[in-house]
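2 protein chains.
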Amino acid sequence: MKRVLVVDDDPTVSEVVAGYLTRAGFDVDVAADGPSAVARATAQPPELVVLDLMLPGMDGLEVCRRIRETGPLPVIMLTARGDEEDRILGLEVGADDYVTKPFSPRELVLRVESVLRRAGAPATAQGAPSVPRLTGLRAGPLTLDPAARRATRCGRELALTIREFDLLEFFLRNPGRATSREELMRRVWGWEFGDLSTVTVHVRRLREKIEDDPAHPRLISTVWGVGYRFDPPAANGADDAA
Amino acid sequence: MKRVLVVDDDPTVSEVVAGYLTRAGFDVDVAADGPSAVARATAQPPELVVLDLMLPGMDGLEVCRRIRETGPLPVIMLTARGDEEDRILGLEVGADDYVTKPFSPRELVLRVESVLRRAGAPATAQGAPSVPRLTGLRAGPLTLDPAARRATRCGRELALTIREFDLLEFFLRNPGRATSREELMRRVWGWEFGDLSTVTVHVRRLREKIEDDPAHPRLISTVWGVGYRFDPPAANGADDAA
DNA sequence: GCAGTCCTTACGAATCCCTGACGTTCGCCA
DNA sequence: TGGCGAACGTCAGGGATTCGTAAGGACTGC
Numbered sequence: 001m002k003r004v005l006v007v008d009d010d011p012t013v014s015e016v017v018a019g020y021l022t023r024a025g026f027d028v029d030v031a032a033d034g035p036s037a038v039a040r041a042t043a044q045p046p047e048l049v050v051l052d053l054m055l056p057g058m059d060g061l062e063v064c065r066r067i068r069e070t071g072p073l074p075v076i077m078l079t080a081r082g083d084e085e086d087r088i089l090g091l092e093v094g095a096d097d098y099v100t101k102p103f104s105p106r107e108l109v110l111r112v113e114s115v116l117r118r119a120g121a122p123a124t125a126q127g128a129p130s131v132p133r134l135t136g137l138r139a140g141p142l143t144l145d146p147a148a149r150r151a152t153r154c155g156r157e158l159a160l161t162i163r164e165f166d167l168l169e170f171f172l173r174n175p176g177r178a179t180s181r182e183e184l185m186r187r188v189w190g191w192e193f194g195d196l197s198t199v200t201v202h203v204r205r206l207r208e209k210i211e212d213d214p215a216h217p218r219l220i221s222t223v224w225g226v227g228y229r230f231d232p233p234a235a236n237g238a239d240d241a242a
Numbered sequence: 243m244k245r246v247l248v249v250d251d252d253p254t255v256s257e258v259v260a261g262y263l264t265r266a267g268f269d270v271d272v273a274a275d276g277p278s279a280v281a282r283a284t285a286q287p288p289e290l291v292v293l294d295l296m297l298p299g300m301d302g303l304e305v306c307r308r309i310r311e312t313g314p315l316p317v318i319m320l321t322a323r324g325d326e327e328d329r330i331l332g333l334e335v336g337a338d339d340y341v342t343k344p345f346s347p348r349e350l351v352l353r354v355e356s357v358l359r360r361a362g363a364p365a366t367a368q369g370a371p372s373v374p375r376l377t378g379l380r381a382g383p384l385t386l387d388p389a390a391r392r393a394t395r396c397g398r399e400l401a402l403t404i405r406e407f408d409l410l411e412f413f414l415r416n417p418g419r420a421t422s423r424e425e426l427m428r429r430v431w432g433w434e435f436g437d438l439s440t441v442t443v444h445v446r447r448l449r450e451k452i453e454d455d456p457a458h459p460r461l462i463s464t465v466w467g468v469g470y471r472f473d474p475p476a477a478n479g480a481d482d483a484a
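Keeping their order, the protein sequence lines are chains A and B.
Just so you know, we're using our numbering here: the first sequence kicks off at 1 and counts up by one.
Just so you know, we're using our numbering here: the second sequence kicks off at 243 and counts up by one.
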């Protein structure tokens, strides 16, 4: 009998869900907060976790990450509204599926079965998780975890501001693409119009923090008359000076 | 409602992508491997294809090629990392855009909309290009990536200015065709009138950078009394009987 | 040899980007 | 509540790059 861990701080929700899953033939475990969820998941790893995104104490994303550290384990996220942000966050952390509140318990059961079916079928040879590793971005010396809002360079954490972080995330997601200031303003700032020098200045400040030599940037290069382009360093760091 | 075909062997990825595209108002079809992708694309041609580069059985590049044989059809490639190799490959096959994993589904939706918008507005009144918009270009020792705004010659990057880049892009898109200065002024500069010597000078500067012997150009030759013609080095005969 | 066309060079002007600095806003803490 | 500092957006000066044009010389075809 497959075990499922349900994590939700609302006992009404978790009880209803547990009931439906039990009737569907699952062995159900319940946790009401983040720490106990992580504890149970590590002590007795279930086959799947149903996880509320909004938890008291520890964030659902953080829980997801902790659980995933112990091993590959399918996760279904319960997100508040049909909030786009939440869904994206969930997926980036590596949730296998998500259900938006309010949801019908039967639908949730169907989702659980579906995810387990998927997880059971493709037996990946490696110990790699059956889920796509959507968690974390990496390019050369840089790493970036959108969920944790943390970025590192050569293993050391970068003190980035909000804008700088968003900007770097955009660049990491769009490597090797020349992007105009207008588009950066749209995609990073969300503005349709605005002073483009804002972009210029923030690129400069970002370079200050991630480039070896900010005066001669190698990661974020200027494309004259067009915009900027992030070039992920090639695998081999050695290059000849022409 | 526009149909989009999503091709990925990982059901998690394709389902998530399909979900987002559906919510964005697209009619989504899914295929898990190369042969079925080609089958579906030919049976019921969609408006656009989202294609994973790494597929079991048939390579994504091969799939792209097969699909393209049936007719003009925008393709967005999903490439593994910010891997330069993959991007070049994808562009050579003629992908219209690429998204690197890990990607946020929202990003992909934006790309799909962007490519469709571009494809929907056929700019050139000329009967020349069928599909090409953002596709990578290559001719002899030259490669040109419009998205990255980068051009190489014998693998080494060329330092081209905006005008030089646009000019070279035009020539690569219109090989073997003699083009008058007036037309170059219209198509590259976007001017209806202007000093034609401007074109002359820029052609010269471009020759300086891409020709072995700029005094005796072989790539961009002068057609006396007419204009210029770009001759791709004879590697594979591509007849232009249109 | 001639007229028309093209190539080469040079230079001022325009464009674009970087830099530093400033005022404002917002959150935090005394 | 008021002060403080970080982060943000804006602006102007300065430097570097690029562009467009003109002028003279070289070449082509007749």
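We treat Cβ as the ideally placed atom computed from N, Cα and C, and that holds for glycine.
Note that the coordinates shown come from a computational prediction; the quantities given were computed from them, not determined experimentally.
Report all residues from its chain with a CB closer than 6 Å to the CB of residue i; omit the five preceding and five following residues, and keep chain order.
i                      : result
residue 16 of chain A  : 105
residue 405 of chain B : 444
residue 31 of chain A  : 7, 37 and 40
residue 423 of chain B : 438, 441 and 469
residue 413 of chain B : 472
residue 486 of chain B : What the structure shows of chain B is the stretch from 243 to 484, and residue 486 of chain B is not part of that stretch, so it cannot be assessed.
residue 46 of chain A  : 3, 4 and 5
residue 232 of chain A : 139, 140 and 175
residue 14 of chain A  : 6, 8 and 30
residue 268 of chain B : 244 and 246
residue 489 of chain B : Examination of residue 489 of chain B is not possible in this model, given that chain B is present from 243 through 484 alone.
Over what stretch of residues does the beta strand (DSSP E) that includes residue i continue unbroken?
i                      : result
residue 439 of chain B : Premise fails: residue 439 of chain B lies in the alpha helix (DSSP H), 439 to 452, not in any beta strand (DSSP E).
residue 245 of chain B : 245 to 249
From the DSSP secondary-structure annotation, give me the bridge partner or partners of residue i.
i                      : result
residue 398 of chain B : B/395
residue 422 of chain B : B/469
residue 341 of chain B : B/320
residue 221 of chain A : A/229
Along the alpha helix (DSSP H) that carries residue i, what are the first and last residues, could you check?
i                      : result
residue 163 of chain A : 162 to 173
residue 18 of chain A  : 11 to 23
residue 310 of chain B : 302 to 312
Using the three-state DSSP reduction, which class does residue i fall into: helix, strand or coil?
i                      : result
residue 383 of chain B : coil
residue 373 of chain B : At residue 373 of chain B the pLDDT is 34, less than 50, meaning the model places this residue with poor confidence; the figure from the coordinates comes in the next sentence. Reduced to three states, the DSSP call for residue 373 of chain B is coil.
residue 55 of chain A  : coil
residue 242 of chain A : Here residue 242 of chain A scores only 29 on pLDDT, less than 50, and its place in the model should not be relied on; the value that follows carries that caveat. Residue 242 of chain A: coil per DSSP, three-state reduction.
residue 346 of chain B : coil
residue 41 of chain A  : helix
residue 31 of chain A  : strand
residue 290 of chain B : strand
residue 320 of chain B : strand
residue 434 of chain B : coil
residue 116 of chain A : helix
residue 315 of chain B : coil
Report all residues from its chain with a CB closer than 7 Å to the CB of residue i; omit the five preceding and five following residues, and keep chain order.
i                      : result
residue 153 of chain A : 141, 142 and 210
residue 24 of chain A  : 109
residue 341 of chain B : 318, 320, 349, 350 and 353
residue 248 of chain A : The requested residue 248 of chain A does not occur in the structure, where chain A is confined to residues 1 to 242.
residue 264 of chain B : 270
Please return the same chain residues whose Cβ sits closer than 8 Å to the Cβ of residue i, not counting the five positions on each side in sequence.
i                      : result
residue 420 of chain B : 465, 468, 469, 470 and 471
residue 206 of chain A : 160, 164, 167, 168 and 220
residue 63 of chain A  : 7, 34, 37, 38, 51 and 55
residue 487 of chain B : The requested residue 487 of chain B does not occur in the structure, where chain B is confined to residues 243 to 484.
Touch check for the stretch 136 to 154 of chain A and the stretch 300 to 315 of chain B: three-plus C-beta pairs under 8 Å? In short, these stretches do not touch, since the Cβ pair count stays below three.
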